[in-house]
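Numbering follows numbering that gives the first Met the number 0, in which position 58 of the sequence shown is assigned residue number 57; successive positions increment by one, without gaps.
Think of the CB as a built atom: it goes at the ideal place given N, C-alpha and C, for glycine as much as any other residue.
For reference, the structure discussed in these notes is given below.
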Amino acid sequence: MWKGNYFNFIREGFYKRMGGFNEVVLATGKRLDSYIPGKEIVSRKFTQLGNVAVDTAKGYIDELATKYAPGTVIKNTTRNADAIAQGGEKLAGEMILEVPKQTKQIADEVIEYADEVGVKIRDVLGNIY
Numbered sequence: 000m001w002k003g004n005y006f007n008f009i010r011e012g013f014y015k016r017m018g019g020f021n022e023v024v025l026a027t028g029k030r031l032d033s034y035i036p037g038k039e040i041v042s043r044k045f046t047q048l049g050n051v052a053v054d055t056a057k058g059y060i061d062e063l064a065t066k067y068a069p070g071t072v073i074k075n076t077t078r079n080a081d082a083i084a085q086g087g088e089k090l091a092g093e094m095i096l097e098v099p100k101q102t103k104q105i106a107d108e109v110i111e112y113a114d115e116v117g118v119k120i121r122d123v124l125g126n127i128y
């Protein structure tokens, strides 16, 4: 778990430089890893998708598509005020599952599933799968 938290920490600066926000609290109580209003809704997983079961990878995709879908309400907090002011009270943008650089091929079934549910898998180098 500490590796996942560190992965989030080291990626926060990238999103700040892009005009985004990190650890955005939603009305559901869930925390979104990063958000660039109107552009990207980002959930991160520090994993090699080629090393996990297909169902596990699909679960990561489902989590993003259900918990952090466009239209999900952002909780009105002091911390979230700038994100709300910039992009509105609801999440809007492309859903991105961000992962480290992948060392193995991701199963076609996983990539096809992500496409079906509207999630883009992208590594930290910007490669889209």
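Assuming residue i contacts residue j (C-beta within less than 8 Å), just tell me the rounded distance between them.
i              : j                : result
glutamate 97   : arginine 43      : 5 Å
isoleucine 105 : glycine 49       : 5 Å
valine 72      : lysine 57        : Contact doesn't hold; Cβ gap of about 26 Å is too wide.
alanine 64     : valine 24        : Their Cβ separation, rounded to whole angstroms, is 19 Å, which puts alanine 64 and valine 24 out of contact at 8 Å.
proline 36     : glycine 70       : About 13 Å; that fails the 8 Å criterion.
tyrosine 34    : phenylalanine 20 : 5 Å
aspartate 122  : proline 99       : 6 Å
isoleucine 120 : isoleucine 110   : 7 Å
Tell me, please, which residues DSSP counts as bridged to residue i.
i              : result
valine 41      : Ser33, Ile95
asparagine 21  : Ser33
valine 118     : Met94
arginine 89    : The amino acid occupying residue 89 in the given sequence is lysine; arginine does not appear at that position. Answer by DSSP bridge pairing, in chain order: Val72.
isoleucine 127 : Arg121
State the DSSP-derived secondary structure class of residue i, mapped to helix, strand or coil.
i              : result
leucine 78     : Note that residue 78 is arginine in the sequence shown, not leucine. DSSP places arginine 78 in coil when its eight states are reduced to three.
isoleucine 110 : helix
valine 51      : coil
threonine 46   : coil
threonine 65   : helix
glycine 12     : helix
isoleucine 105 : coil
lysine 100     : coil
glycine 28     : coil
Quick one: using the 10 Å Cβ neighbour count with 16 as the cut-off for buried, is residue i buried or exposed?
i              : result
glutamate 22   : exposed
isoleucine 40  : buried
leucine 31     : buried
isoleucine 127 : exposed
isoleucine 9   : exposed
tyrosine 5     : exposed
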